[in-house]
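Structure, as structure tokens:
Chains as they are written, first to last, in my numbering: chain A, 1 to 111; chain B, 1 to 399.
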């Protein structure tokens, strides 16, 4: 699947949701009317970011504390120094008029 | 005989079992799985059969037999049990096992060659192999893995009393291959094994465990690996000195080049309370050739008696030494050629012990191929000219 679609209503505010896709696991975070999608693994070690906390527009890796910006995937500081992949999301409407989120898996921020 | 009861809790030994229930699906928080990219290995954690096969091609000297036996017979004959989930699933779902038998007192002049090729990338293949070297036999076995598949394997190796085995395992997989395997070896009285593991491609996680049935065993575990961009090469060793007066020596050398190249080396050695006279050493050296590469290297020693000949470990991970590069450049050797010389020298003392000129040349060619991806706009003809000069120099110096 090159895109992943889910209903906006299924995503709770500020709570990470994991989507299992052909491109690996993606963590999806909704903040009000915006939705962010990032690769669900810390760039420093094999730890899922979805198990961490969200604060100040970043998600934190719980094991060593690096925080990744939700928009750009850039880490706040060591031990991570490489960014995580982010995917563009768009919000549209399904045939029933419900808001849906489309995540484009073919356009990762880092090819 | 063997291990006596003591109050110290074993921590490195791990669970060994043929029962799938003893191995839960890894979460990644377990010590033995925390460096592994779980997503890549996910199909090999599924407790499901598969009729995928690798293509087999063998060359067997006279007297050596390769037969198909039932998985139950192989499990019964196996000197050790699987150490992780992939190995136990391989033993369960392989259906039948291949039994390679070298008769007692055989003195093989030619190596036993087994070429295993993955023909269907993404297809799960379960394999179980039983290698038996009869007492006082002397043999070289070469296992070559190529192509692509999701291959989970459990191999058990039994080296009889006084026997000598050189076991070469080459992982020359395509980029899409995923290989997780456990090789479990037991050495008999005064038996000798030299294991050489060379991993050059694919996503690989190999566990090599060695223990001893009687005193006098000698295990030499050598490894060479080259992780390119995006590759993950993981080698885990466990040597359990459960008998007195045995020897082990572990030398693994790896080079990494490219973004997200990742190598993992874990060397566990246990010296049990009555393993007096043990002589053991392990070392891992990693050479990082570019930014973005990462090497995790963890030697562990668990020592329950100090009455030993020696026990040591060493780990060094570093980048290409600027002083060595300057030395060579100051003598007119351009940096791509200098890099090749240094990397070849780095691997030489492991690769030259393989004992087969043909295989050694094959490995060095593959390493050269990986190094060639680092040359940006360098003149291929110029490099080839230097190659000729240097190989002639080497030839004339060893003549």
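The C-beta atom is built at its ideal place from N, Cα and C for all residues, glycine as well.
Computed from a prediction, not measured in an experiment: that's the story for all the values here.
Look at the beta carbons and you see the segment 26-42 of chain B not touching the segment 95-107 of chain B: under three pairs across the two are nearer than 8 Å.
The C-beta separation of residue 25 of chain A from residue 18 of chain A comes to about 6 Å, placing the pair in contact by the 8 Å criterion. Beta-bridge partners of residue 302 of chain B (DSSP): B/270.
Per DSSP, residue 99 of chain A is one residue of the beta strand (DSSP E) stretching across 99-104. Residue 253 of chain B is bridged by DSSP to B/224, B/285.
Residue 240 of chain B carries a strand assignment under DSSP once its states are collapsed to helix, strand and coil. Counting of Cβ neighbours within 10 angstroms places residue 14 of chain A among the exposed residues, the total staying below 16. A residue is called buried when at least 16 other Cβ atoms come within 10 angstroms of its Cβ; residue 186 of chain B meets this threshold and is buried. Looking only at B/214, B/241, B/46, B/360, the smallest Cα-Cα distance to residue 170 of chain B is reached by B/360. Taking C-beta separations shorter than 7 Å and ignoring five residues to either side along the sequence, the partners of residue 257 of chain B in its chain run 228, 289, 290, 293, 370, 374, following chain order. Residues of the segment 188-200 of chain B that bring their beta carbon within less than 7 Å of a beta carbon in chain A are absent altogether. Interface residue (Cβ-Cβ distance to chain A less than 8 Å): residue 261 of chain B is not classified as such.
Residue pairing by DSSP places residue 313 of chain B opposite B/282 in a beta bridge. By the criterion of at least three beta-carbon pairs nearer than 8 Å, the segment 329-340 of chain B is not in contact with the segment 222-238 of chain B. In terms of Cβ geometry, residue 116 of chain B and residue 140 of chain B do not form a close pair [threshold 8 Å]. Ranked by Cα distance from residue 144 of chain B, the options B/222, B/353, B/203, B/56 are led by B/56. When the beta-carbon positions are compared, residue 43 of chain A and residue 84 of chain A come within less than 8 Å of each other. The C-beta of residue 212 of chain B has 16 or more other C-beta atoms within 10 Å across all chains shown, which makes the residue buried. In its chain, beyond the 5 residues on either side, 61 have a beta carbon closer than 6 Å to the beta carbon of residue 110 of chain B. Close CB contacts of residue 210 of chain B within its chain, under the 6 Å cut and outside five residues either way in sequence, are with 185, 219, 239 (chain order).
Annotation: Cβ neighbours of residue 37 of chain B in chain A (cutoff 9 Å, chain order): 41, 46. Within a 10 Å sphere around the beta-carbon of residue 326 of chain B sit fewer than 16 other beta-carbons, which makes this residue exposed.
Interface criterion not met: the Cβ of residue 230 of chain B is under 8 Å from no Cβ in chain A. Taking CB atoms only, residue 34 of chain B has a neighbour in chain A less than 8 Å away. For residue 10 of chain A, no alpha helix (DSSP H) encloses it, and the DSSP letter there is neither H nor E. Relative to residue 344 of chain B, the option among B/296, B/92, B/367, B/51 whose CA is nearest is B/367.
DSSP places residue 31 of chain A in the uninterrupted beta strand (DSSP E) bounded by 24-31. Residue contact check for residue 28 of chain B against chain A: a CB pair falls below 8 Å. Inclusion of residue 82 of chain B and residue 34 of chain B in the CB contact set at 8 Å is not warranted, their separation being larger than that value. One alpha carbon belongs to residue 197 of chain B, the other to residue 98 of chain A, and they sit about 57 Å apart. By the CB criterion at 8 Å, residue 77 of chain A and residue 66 of chain A fall inside the cutoff. When B/168, B/306, B/225 are compared, the shortest CA-CA separation from residue 245 of chain B is found for B/306. Secondary structure of residue 331 of chain B (DSSP, three-state): coil. Contact between residue 18 of chain B and residue 88 of chain B holds: CB atoms are separated by about 6 Å, below the 8 Å threshold.
If you look at residue 85 of chain B, you'll find it isn't in any beta strand (DSSP E); it sits in the alpha helix (DSSP H) that goes 85-93. For residue 255 of chain B, the closest alpha carbon among the candidates B/178, B/318, B/393 is that of B/318.
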